[in-house]
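Below is one structure, written out as structure tokens; comments come after it.
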Amino acid sequence: MREPRRVLVSRLRRIGDVILTLPVVDALRRLFPGSRIDYLAEEGPAEAAIGHPAIDRVLTFRPSKRSLLPGPISLLRTLRRGRYDWTIDLYGNPRSALLLAWTGAPVRVGPRSGRRALYTHVVPPAVEPLSAVDHHLRALEFLGLDPPRVSPRLTLTAEELARGAALLDEALPPGGPRVGLHVGNRWPAKRWFEERFAGLLRALPGLGARGVVMGGPDEAAAVEAVAGSAQAPRLVGLNLRAYWGAIASLDVLVTNDGSPLHAGPALGVPTVGILGPTVPEIWFPYREEDGHQLLARDIWCRPCHRHECARLDCMKWIGVADAVAAVARALEWRDAARAPA
10 MREPRRVLVS RLRRIGDVIL TLPVVDALRR LFPGSRIDYL AEEGPAEAAI GHPAIDRVLT
70 FRPSKRSLLP GPISLLRTLR RGRYDWTIDL YGNPRSALLL AWTGAPVRVG PRSGRRALYT
130 HVVPPAVEPL SAVDHHLRAL EFLGLDPPRV SPRLTLTAEE LARGAALLDE ALPPGGPRVG
190 LHVGNRWPAK RWFEERFAGL LRALPGLGAR GVVMGGPDEA AAVEAVAGSA QAPRLVGLNL
250 RAYWGAIASL DVLVTNDGSP LHAGPALGVP TVGILGPTVP EIWFPYREED GHQLLARDIW
310 CRPCHRHECA RLDCMKWIGV ADAVAAVARA LEWRDAARAP A
């Protein structure tokens, strides 16, 4: 197979999932340094690809439920004019399959055999469970490549980092380690209990650290429930890249499952991930050697893939003491990493 001159990679939806695909574009850049690499995603998730040094252009769009076309006419024209040699679909829903087929690329890789007519190469299901990063890299392996393994990375501008740092300083001025607690998630089954986040918040001074409670635009109620009980500072309602800028200035991030779980490691911040129904082997591809800490209990009912659960044993089995110990380990790693050689 000839070396591609132009490649389009796509993961249309979900911010965290786009972050987890970024090792694919890093691998492509290392394998084909002279090739053009574009990335296609819907508005919002595409923010994770903007500024990435391995990506030449990020294509975004807002899907319409009224149109019979998979995307706006302007996007379809851009895709056709891209003259891509390869397209790599890392999502595999009907819209993404149609969009990448629209390019007319001679090599079109996708993950779903049910849409075989739209792909030239269909990646078969993995025999063994793989991390999300390794799962995406299989698309390159299926093309006969040996992709290098790298961790996901988000790239912010100097201005974005400075703005995020200023926002964090305004909420919680410098003066000792700062621990961010991201307390929200749209699905109740993925949320650790607010009273336990509050307990962790109150325990942080015992570690010589201070906490700031964080959340997205739709998570103000959860942020207030945790921060209000402990009279703690809040950081809520920021746009995505400003939020990432604030995370980048933290010493440790503690978070439920969701996009911050992947943003923290991708920004080089030691991250404590609290996982309930989520399969850690798939969705926490981060190493303790890099400062990251996993809080998850082995339990008979995982994976349940539920958005709501009446029992929540997977979360009940994670106590405040477990989280305090995980934060202490992350802070120790941070201190060791910053110590002079």
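Using my numbering, read the sequence shown as starting at 10 and increasing by one per residue. Backbone N, C-alpha and C fix where the C-beta goes; we use that ideal spot for every residue, glycine too. Keep in mind it's a predicted model, so treat the numbers as computed, not measured.
| Query | Result |
| --- | --- |
| Counting along the chain, where does the beta strand (DSSP E) carrying Ala319 start and finish? | Here Ala319 belongs to no beta strand (DSSP E), and DSSP marks it neither H nor E. |
| To the nearest angstrom, report how far apart Pro42 and Leu181 are at their CA atoms. | 42 Å |
| Looking at C-alpha atoms only, which residue of Val336, Ala236 and Ala272 is the closest neighbour of Ile28? | Ala272 |
| Looking at the secondary structure, which residues open and close the alpha helix (DSSP H) in which Ala332 lies? | Val329 to Arg347 |
| Pull up the distance between the alpha-carbon of Phe151 and that of Arg38, whole angstroms please. | 17 Å |
| State yes or no: is the C-beta of Ile97 within less than 9 Å of the C-beta of Val118? | yes |
| To the nearest angstrom, how far is the alpha carbon of Arg22 from that of Glu52? | 9 Å |
| Could you give the distance in angstroms between the alpha-carbon of Arg158 and the alpha-carbon of Arg296? | 13 Å |
| What does a CB cutoff of less than 6 Å around Gly267 pick up in its chain, not counting 5 residues either side in sequence? | Asn194 |
| According to DSSP, is Glu298 helix, strand or coil? | helix |
| Using the C-alpha atoms, what's the distance from Ser140 back to Val132? | 16 Å |
| Does the Cβ of Pro183 have 16 or more other Cβ atoms within 10 Å, making it buried, or fewer, making it exposed? | exposed |
| Which stretch, first to last residue, makes up the beta strand (DSSP E) that contains Ser359? | One cannot answer for residue 359 here, as it falls past the ends of the chain, which runs 10 to 350. |
| Only counting the same chain, and skipping five residues up and downstream in sequence, which positions put a Cβ closer than 6 Å to that of Leu108? | Pro79 and Gly80 |
| Nearest to Gly220 by CA position, among Val188, Ala126 and Ala171, is which residue? | Val188 |
| Starting from the N-terminal side, write out each stretch of the beta strand (DSSP E) that is 3 residues or longer and does not extend beyond the stretch 160-245. | 187-191, 219-224 and 243-245 |
| When the distance is taken between beta carbons, is Gly237 closer than 9 Å to Gly217? | no |
| How would you write the range of the beta strand (DSSP E) that Ile308 sits in, first residue to last? | Segment: none, Ile308 is in no beta strand (DSSP E) and carries neither H nor E. |
| What number of angstroms, rounded off, separates the C-alpha of Arg343 from the C-alpha of Pro214? | 17 Å |
| Pro286 and Pro312: beta carbons closer than 9 Å? | yes |
| Closer than 8 Å by C-beta to Ala241: which residues in its own chain qualify, once you throw out the five before and the five after it? Chain order, please. | Leu210, Gly220, Val221, Val222 and Val235 |
| For the candidate residues Ala106, Arg15, Ile291 and Ile256, whose alpha-carbon lies nearest to that of Ala126? | Ala106 |
| Just to confirm my understanding: we take Pro289, look at its own chain, exclude 5 residues before and 5 after, and list those with CB closer than 7 Å. What are they? | Leu303 and Ala305 |
| Cα-Cα, which of Ile291, Arg121 and Val142 is closest to Pro134? | Arg121 |
| Got a sec? Which residues, its chain only, sit under 8 Å from Gly101 by beta carbon, not counting five neighbours each side? | Gly119, Pro120, Arg121 and Arg124 |
| Using 9 Å as the threshold, is the C-beta distance between Val281 and Ala148 below it? | no |
| Under a Cβ-count criterion, where at least 16 other Cβ atoms within 10 Å of its own Cβ denotes burial, should Asn265 be classed as buried or exposed? | buried |
| How big is the Cα-Cα spacing for Val16 and Val192? | 38 Å |
| Within the chosen definition, does the stretch 196-205 reach the stretch 322-333 through at least 3 CB pairs nearer than 8 Å? | yes |
| Looking only at its own chain, which residues have a Cβ that is under 8 Å from the Cβ of Asp65, when we skip the five neighbours before and after it? | Arg45, Ile46 and Asp47 |
| Return helix, strand or coil for Arg90, following the three-state DSSP convention. | helix |
| Can you tell which of Val116, Leu99 and Gly173 has its C-alpha closest to the C-alpha of Ile256? | Gly173 |
| Taking Leu40 as part of the beta strand (DSSP E), name the residues at either end of that continuous run. | Per DSSP, Leu40 belongs to no beta strand (DSSP E); it is in the alpha helix (DSSP H), Ile24 to Leu40. |
| Once DSSP output is grouped into helix, strand and coil, what is the label at Ile283? | strand |
| For Tyr361, list the residues DSSP reports as bridge partners. | Coverage of the chain is limited to positions 10 through 350, which leaves residue 361 absent and any answer about it impossible. |
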